[in-house]
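> Reading the sequence shown from the start, the letters are residues 2 to 321 in the working numbering. Cβ atoms here follow ideal geometry from the backbone N, Cα and C, with glycine treated the same way.
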Amino acid sequence: MFRKRNSPGGARVRRERRISVARVGQSRRFGFAHVRHSPQQKKFLPRLGRVTAPGRVALGAFCLTEPESGSDAASIQTSAKKVSGGYVLNGTKHFISNGGIADVYTVFATHDASQGADGIDAFIVLGEQEGVKPGKKEKKMGIRASHTAQIHFEDVFVPEENRLGEEGEGFLVALKTLEYSRPGVAASALGVARAAFEFALQYSMERKQFGRAIAKQQAIQFMLADMATEIDAARLLTWRSAWLLDQGQPANKEASMAKLFAADTAMKVATDAVQIVGGAGYMRDLPVEKYMRDAKIMQIYEGTSQIQRVVISRLLIGFG
2 MFRKRNSPGG
12 ARVRRERRIS
22 VARVGQSRRF
32 GFAHVRHSPQ
42 QKKFLPRLGR
52 VTAPGRVALG
62 AFCLTEPESG
72 SDAASIQTSA
82 KKVSGGYVLN
92 GTKHFISNGG
102 IADVYTVFAT
112 HDASQGADGI
122 DAFIVLGEQE
132 GVKPGKKEKK
142 MGIRASHTAQ
152 IHFEDVFVPE
162 ENRLGEEGEG
172 FLVALKTLEY
182 SRPGVAASAL
192 GVARAAFEFA
202 LQYSMERKQF
212 GRAIAKQQAI
222 QFMLADMATE
232 IDAARLLTWR
242 SAWLLDQGQP
252 ANKEASMAKL
262 FAADTAMKVA
272 TDAVQIVGGA
282 GYMRDLPVEK
292 YMRDAKIMQI
302 YEGTSQIQRV
312 VISRLLIGFG
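1) Please classify Gly192: is it buried, with 16 or more other beta-carbons within 10 angstroms of its beta-carbon, or exposed?
2) Using a 10 Å radius around the Cβ and a threshold of 16 neighbouring Cβ atoms, would you call Glu67 buried or exposed?
3) Buried or exposed: where does Val186 fall if 16 or more other Cβ atoms within 10 Å of its Cβ makes it buried?
4) What does Asp122 pair with, by DSSP beta-bridge criteria?
5) Flag this pair as yes or no: are the beta carbons of Ala81 and Thr53 separated by less than 8 Å?
6) Nearest to Ala275 by alpha carbon, out of Ile121, Gln309, Ala197, Gln307?
7) Roughly how many angstroms separate the alpha carbons of Trp244 and Glu170, rounded to a whole number?
8) Whether or not the region 275-286 and the region 124-142 are in contact is what I'm after, with contact meaning three or more pairs of Cβ atoms, one per stretch, closer than 8 Å; do they touch?
9) How about Lys140: is its Cβ closer than 7 Å to a heavy atom in the ligand SAH?
10) List the whole-angstrom C-beta distance separating Ala267 from Ala220, where the pair is believed to meet the contact cut-off of C-beta under 8 Å.
11) How many angstroms separate the CA atom of Tyr181 from the CA atom of Arg241?
12) Cα separation between Ser115 and Val58?
13) What is the DSSP secondary structure of Gln250, counted as helix, strand or coil?
14) Along the alpha helix (DSSP H) that carries His184, what are the first and last residues, could you check?
15) If you measure between the beta carbons of Phe124 and Leu90, is that distance less than 8 Å?
16) Please determine, among Arg51, Arg310, Phe172, the residue with the shortest C-alpha to C-alpha distance to Val108.
Spelled out as structure tokens, the structure:
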């Protein structure tokens, strides 16, 4: 009667999962793909996505978050000591998608912590380099198909030509990366929301209580109406931000709006889907509990929902 995890009806979930995993790998390219006139584009972009072994493609990783630096990204402690011909990196990055299995890392480090954001640089580091060491693999609540781990950099030498942009421009590289990746998170969140909604809609039309389908109950109808409306609004915000970026236009505010609204929509829709399905929705036999677990991270990574509101409000009033 209702779709199990391994049923044909779960195709959207599998499709959305593949899209999400692809986003993790592909969006990490932006750390150097969007540095103007970057020679690293020709040097490193061709490496990503290539088949390196049966069943394995070359992956990238974006290394900004640290154990003591999450939303306050300008306070990173990974150091970049200037030496002859380049820099030596030391530090630990935290909650890194593809951490420990990536072929190419974009690593953010500070050459002068007293300068805050102005002291941050961005570097390209190869996973095969000496001193690049994988750390603990995280056991996550959701999106378990995505490999997430710590990564340690111990006396890793980076030649100066592998620095992205000019010295001190690393924080700007990070912000530009997030401007491009947030619509990708919004699209992933939209997929989770759609899957949860479509399951709940079908369930409500088939599940009978009090002698009729629960979809005939006004309380359920209002929930479904809100879910459908919010999904459509999230989709339009996502399309707008993606279109602006495709046109080469600034989209920082629009990207944050899309990410904020789509992520919150995914969490609300997935939660409501579990509520509509009821006790069965809390069980692992049906996929809605997974949608709920997967949705939560959308409100956290690539900038929390609270940080998105900070970004949006500052851009509205011209502050920061």
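In brief:
1) Counting from 1 along the sequence shown, the entry for residue 192 is found at position 191. So Gly192 counts as buried.
2) For this step, residue 67 is matched to residue 66 along the sequence shown. Residue burial annotation: Glu67 is buried, with at least 16 other C-beta atoms found within 10 angstroms of its C-beta.
3) Taking the sequence shown and counting its residues from 1, one reaches residue 186 at position 185. With 16 or more neighbouring CB atoms inside 10 Å of its own CB, Val186 falls in the buried class.
4) Start at 1 with the first residue of the sequence shown, and residue 122 comes out as number 121. When DSSP reads this structure, Asp122 sits in a beta bridge with Ala110.
5) Start at 1 with the first residue of the sequence shown, and residue 81 comes out as number 80. Start at 1 with the first residue of the sequence shown, and residue 53 comes out as number 52. No, these two residues do not count as a Cβ contact at 8 Å.
6) Mapped onto the sequence shown, residue 275 falls at position 274. Note on identity: in this sequence residue 275 is Val, with Ala being the wrong assignment. The residue with the shortest Cα to Cα distance from Val275 is Ala197.
7) Numbered from its first residue, the sequence shown carries residue 244 at position 243. Numbered from its first residue, the sequence shown carries residue 170 at position 169. Looking at the backbone, the Cα of Trp244 and that of Glu170 are separated by about 26 Å.
8) With a cut-off of 8 Å, the region 275-286 and the region 124-142 do not count as touching, because too few Cβ pairs lie within range.
9) With respect to the ligand SAH, the structure shown offers nothing to examine, as it has no ligands at all.
10) Along the sequence shown, read from residue 1 onward, the residue named residue 267 stands at position 266. Along the sequence shown, read from residue 1 onward, the residue named residue 220 stands at position 219. With 8 Å as the limit, Ala267 and Ala220 do not qualify as a contact, their Cβ atoms being about 22 Å apart.
11) If you number the sequence shown from 1, residue 181 lands on position 180. If you number the sequence shown from 1, residue 241 lands on position 240. One C-alpha to the other measures close to 13 Å.
12) Counting from 1 along the sequence shown, the entry for residue 115 is found at position 114. Counting from 1 along the sequence shown, the entry for residue 58 is found at position 57. For Ser115 and Val58, the distance between alpha carbons rounds to 39 Å.
13) For the purposes of this step, residue 250 is taken as the residue at position 249 of the sequence shown. Gln250: coil per DSSP, three-state reduction.
14) In the sequence shown, counting from the first residue as 1, residue 184 sits at position 183. Rather than His, the amino acid found at residue 184 in this sequence is Pro. For Pro184, the enclosing alpha helix (DSSP H) begins and ends at 171-207.
15) Translated into the one-based positions of the sequence shown, residue 124 becomes position 123. Translated into the one-based positions of the sequence shown, residue 90 becomes position 89. Yes; because the gap between Cβ atoms is below 8 Å, this pair is in contact.
16) Along the sequence shown, read from residue 1 onward, the residue named residue 108 stands at position 107. Closest by alpha carbon: Phe172.
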